[in-house]
Amino acid sequence: MFITFEGIDGSGKSTQIKLLKERLEKLGKRVEVYREPGGTPVSERIRTLLLDPSEEIEPFAELLLFSAARSQLVAGKIRPALEEGHIVICDRFFDSTTAYQGAGRNLGGIDWMMRFHDKVTGGLIPERTYWLSIPVELALERRHERSGENQDRMEKTGSVFFNRVVEAYSELEHRYPERFLKLDGTQPILSLHKQIWDDLLTRQEKSVGTRVTG
Ligand code: Z5A
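Right, here's the structure in full:
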């Protein structure tokens, strides 16, 4: 089973992924967690470059770098893990590129981006994507509490950019209702975890894929 989490930074993805991983492991499941960009030596080097606030990167170069990191992660880690029957949870995947580069940087709409992702990932699509939706202002507050003025290259982009990112997530939710689930990320942490867990159990009942329990 391949699960991804999406949302603007500070939306609580890492927090929910940690809780979900712990709960699955208590049931004896083998779970692998990756964050994007990253997860392989090459992808981590690309991450350093992409987030370095002293670098100036052209929008299309940025799209290619995020995608290069993903291609390496899919081939080197995600596909092998899925073939072993592990559950893979990814903190961001191609929907981030659709939202941040496609919409945020005005590089292309969903149809174009999906055709591009298909080439990058060899057709790999998450079975479930949780979008933790929070207002841009709250993300800015959480970010400021965490890192003060020390922002990475992507965080330095203004709120107009982040509003476009949020609009794109909303479009993805409407376009792919079977895969893409919006959750109100302003709710308490444990309440969100319960909704995610209940959703996975419901999907398991409907699916013949990797079982979450039993
Ligand atoms: N990017 C891109 O442009 N294109 C791409 O294709 C990809 C990525 C893959 C990666 O940043 C950047 O790259 C990102 C998108 C771009 N840039 N931006 N901006 P990253 O990997 O360094 O970080 P992130 O993915 O943006 O998110 P994060 O900072 O790690 O945040 P998070 O994982 O979503 O949130 P968290 O760490 O779980 O929680 C943040 C804080 O809020 C923390 O103090 C928690 O305790 C608190 N929290 C969490 N949940 C709650 C609730 N429910 N209530 C109250 N407080 C909460």
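Per the working numbering, residue 773 is the first one in the sequence shown, and the count goes up by one each step.
By construction, the Cβ of each residue, glycine as well, lies at the ideal position given by its N, Cα and C atoms.
Please classify Leu-964: is it buried, with 16 or more other beta-carbons within 10 angstroms of its beta-carbon, or exposed?
-> buried
Using 8 Å as the threshold, is the stretch 783-803 in touch with the stretch 882-896, meaning 3 or more CB pairs across them?
-> no
Would you be able to state if there are at least three C-beta pairs under 8 Å between the stretch 808-817 and the stretch 930-949?
-> no
Cutoff 8 Å; reference Asp-824; Cβ partners in own chain excluding five residues on either side = Asp-924 and Arg-925
Provide the residue span of the alpha helix (DSSP H) that contains Asp-867, from first to last.
-> 866-869
Can you tell me whether DSSP reads Ile-775 as helix, strand or coil?
-> strand
Sufficient close CB pairs (3 or more, under 8 Å) joining the stretch 871-886 to the stretch 845-854 | no
What is the chain-ordered set of residues for which the beta carbon lies under 5 Å from any non-hydrogen atom of the ligand Z5A?
-> Asp-781, Gly-782, Ser-783, Gly-784, Lys-785, Ser-786, Thr-787, Glu-808, Phe-838, Arg-864, Ser-868, Thr-869, Tyr-872, Arg-914, Met-926, Glu-927 and Ile-961
Own chain partners of Ser-919 with C-beta closer than 8 Å, once the 5 adjacent residues on each side are dropped | Glu-927
Buried versus exposed call for Trp-903 [16 or more other C-beta atoms within 10 Å across all chains shown] | buried
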